[in-house]
Every structure is written in structure tokens, then in C-alpha cells.
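Q:
Residue numbers (the numbering used here): 10 to 193.
(1) Give the secondary structure of residue 121 by DSSP, where H, G and I count as helix, E and B as strand, and everything else as coil.
(2) Roughly how many whole angstroms lie between the Cα atoms of residue 140 and residue 191?
(3) According to the Cβ coordinates, are residue 143 and residue 80 closer than 7 Å?
(4) Would residue 7 be called buried (16 or more neighbouring beta carbons within 10 Å of its own) or exposed?
(5) Is residue 189 helix, strand or coil when you go by DSSP?
(6) Please work out which residues of its chain come closer than 8 Å, Cβ to Cβ, to residue 183, disregarding the five sequence neighbours upstream and downstream, and give them in chain order.
(7) Would you check if the distance between the CB atom of residue 149 and the CB atom of residue 132 is smaller than 7 Å?
(8) Please go through the segment 63-95 and give each complete beta strand (DSSP E) segment of 3 or more residues, from N-terminal end onward.
(9) By DSSP, does residue 30 sit in helix, in strand, or in coil?
(10) Distance, Cα to Cα, residue 117 vs residue 43?
(11) Run through DSSP, which three-state label would residue 42 get?
(12) Measuring straight from C-alpha to C-alpha, what distance separates residue 185 and residue 113?
(13) Can you give the Cα-Cα distance for residue 75 and residue 107, rounded to whole angstroms?
(14) What separation, rounded to the nearest whole angstrom, lies between the Cα atoms of residue 134 and residue 28?
(15) Return helix, strand or coil for residue 25, following the three-state DSSP convention.
(16) Following the continuous beta strand (DSSP E) through residue 102, name the residue where it begins and the one where it ends.
(17) If the criterion is Cβ atoms closer than 7 Å, does the pair residue 58 and residue 104 meet it?
(18) Tell me the DSSP secondary structure of residue 115 in three-state form.
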């Protein structure tokens with residue numbers, strides 16, 4: 010088993026994230042704690058994600074400790090998602106990746122799952138999870154590789170929001186301007 014630690018600081022408000030990645034056989038697991046202020050209220054969110062070796066999400070468990078609320082989702086490779094009772098959530102069908110609002114880590118998932126060609130936009134169906142209330146929905150997001158050297162820069166777009174995202178050679182976010190910056 011190998012382990013990797015990543016640490017980000019929020020840029021717009023106070024907050025940080027401590028994430029541990031574990032690699033065992035053909036499974037990747039992320040365990041994280043995120044602390045931040047949301048409209049002046051301290052928040053603590055923890056999450057755990059299990060992936061296969063191709064960064065395809067298998068299981069997600071997330072808890073907003075401030076609300077004492079949890080969410081558990083699992084998926085199959087064909088983009089079918091299930092709740093903790095094993096019931097399919099039809100509104101999420103077709104989504105492969107997740108995007109948790111309080112972390113830059115989940116932006117790394119589609120980046121690490123694909124081989125990229127510069128200036129070729131790729132649209133993803135994502136399960137977007139709001140860390141504030143643990144609501145979720147399927148959304149479209151677009152990533153375009155615009156700079157490919159030691160660090161890669163992607164142009165990210167979701168709805169009317171657009172931003173560059175800079176990742177390291179392993180595909181993990183270094184900087185998400187004005188939102189997150191990795192310090193370890």
C-alpha cells in the first residue's frame with residue numbers, strides 16, 4: 010500500500026483541506042477533512058471516496074458535521090448511481106465523476122481518467138454535491154487542456170462559471186485561482 014497526502018487552503022474565505030490518498034491493489038481511496046467558513050458559519054465536512062484504478066468512482070460517503078447530515082452514493086461503471094438502500098437514482102444516470110463543492114480534489118477525477126489533447130474540449134456529466142446541504146444533481150462540465158508542460162493548465166466551465174485550473178504532473182490541483190491553492 011502506498012499513501013499520499015494533499016493539503017489545500019481556501020482563498021476567498023478561511024478554510025483548508027487535508028486529504029489522504031491510499032493505493033491498494035486496483036483500488037484508490039480518498040479520505041478527507043475540510044474546514045471552512047460559509048457565510049460566517051464554521052463548517053466541517055468529511056468525505057471518503059473509493060475508486061477503481063482508472064479513477065472511476067465506486068462509492069462516496071460525505072458528512073456535513075455542522076448539520077449532522079450524511080450522504081452515501083455508489084455507482085456502476087455504466088453511470089448508474091444508487092442510494093444507501095440500493096435504489097437507483099435515475100436523475101444521475103450517465104454521470105461518471107463527482108464534483109464536491111468544498112474541494113478542488115474532485116476536479117482531478119476527470120483529468121486523471123482521460124488522456125488529453127491540447128485545445129480539445131471534453132464535456133462530462135458530473136454528480137455535483139453541495140457540501141452546504143448535501144443536495145446533489147447531475148450537471149455538465151467542460152474541461153479543455155490549454156497548457157501541457159511540467160504543470161498542466163485546464164480551462165474549466167460549468168454553467169456560466171469559468172476558471173483556469175492548474176494541476177501537477179499527477180493531475181492533482183495545484184491552484185484553482187481565487188478559490189483553492191495547494192500548500193502540500
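For glycine and all other residues, C-beta sits at the position ideal for the given N, C-alpha and C.
A: Walking through what the data contain:
(1) Residue numbering aside, residue 121 sits at position 112 when the chain shown is read from its first letter. Note: residue 121 maps to helix in three-state DSSP.
(2) In the chain shown, counting from the first residue as 1, residue 140 sits at position 131. In the chain shown, counting from the first residue as 1, residue 191 sits at position 182. Linking residue 140 to residue 191 through their CA atoms gives a straight-line distance of about 19 Å.
(3) Position 134 of the chain shown, counted from the start, is the residue given in the question as residue 143. Position 71 of the chain shown, counted from the start, is the residue given in the question as residue 80. For the 7 Å CB-CB criterion, residue 143 and residue 80 form a contact.
(4) There is no way to answer for residue 7, as the model of the chain reaches only from 10 to 193.
(5) In the chain shown, residue 189 corresponds to position 180, counting from 1. Residue state, collapsed to three classes: strand.
(6) Here residue 183 is taken as the residue at index 174 of the chain shown, counted from 1. For residue 183, where only same-chain residues beyond five positions count, the Cβ hits under 8 Å are 160, 175, 176, 177, 190, 191.
(7) Residue numbering aside, residue 149 sits at position 140 when the chain shown is read from its first letter. Residue numbering aside, residue 132 sits at position 123 when the chain shown is read from its first letter. Against a cut-off of 7 Å, the Cβ pair of residue 132 and residue 149 comes out as a contact.
(8) As far as the segment 63-95 is concerned, its whole beta strand (DSSP E) runs of at least 3 residues are 66-73, 78-84.
(9) Counting from 1 along the chain shown, the entry for residue 30 is found at position 21. Note: residue 30 maps to strand in three-state DSSP.
(10) For this step, residue 117 is matched to residue 108 along the chain shown. For this step, residue 43 is matched to residue 34 along the chain shown. Between residue 117 and residue 43, the C-alpha separation is close to 17 Å.
(11) The residue you call residue 42 lines up with position 33 of the chain shown. Correct three-state label for residue 42: strand.
(12) Here residue 185 is taken as the residue at index 176 of the chain shown, counted from 1. Here residue 113 is taken as the residue at index 104 of the chain shown, counted from 1. Distance between the alpha carbons of residue 185 and residue 113: 7 Å.
(13) Here residue 75 refers to the residue found at position 66 when the chain shown is read from its first residue. Here residue 107 refers to the residue found at position 98 when the chain shown is read from its first residue. If you take the alpha carbons of residue 75 and residue 107, they lie about 22 Å apart.
(14) Translated into positions along the chain shown, residue 134 becomes position 125. Translated into positions along the chain shown, residue 28 becomes position 19. Between residue 134 and residue 28, the C-alpha separation is close to 24 Å.
(15) As a working mapping, residue 25 is identified with position 16 in the chain shown. Looking at residue 25 - three-state DSSP - the assignment turns out to be strand.
(16) What you label residue 102 is simply residue 93 of the chain shown in a count that begins at 1. That residue, residue 102, is in no beta strand (DSSP E); it is neither H nor E in DSSP.
(17) As a first step, residue 58 must be located in the chain shown, where it is residue number 49. As a first step, residue 104 must be located in the chain shown, where it is residue number 95. No, the pair does not count as a contact, with Cβ atoms beyond the cut-off.
(18) Stepping through the chain shown from its first residue, residue 115 is reached at position 106. Residue 115: helix per DSSP, three-state reduction.
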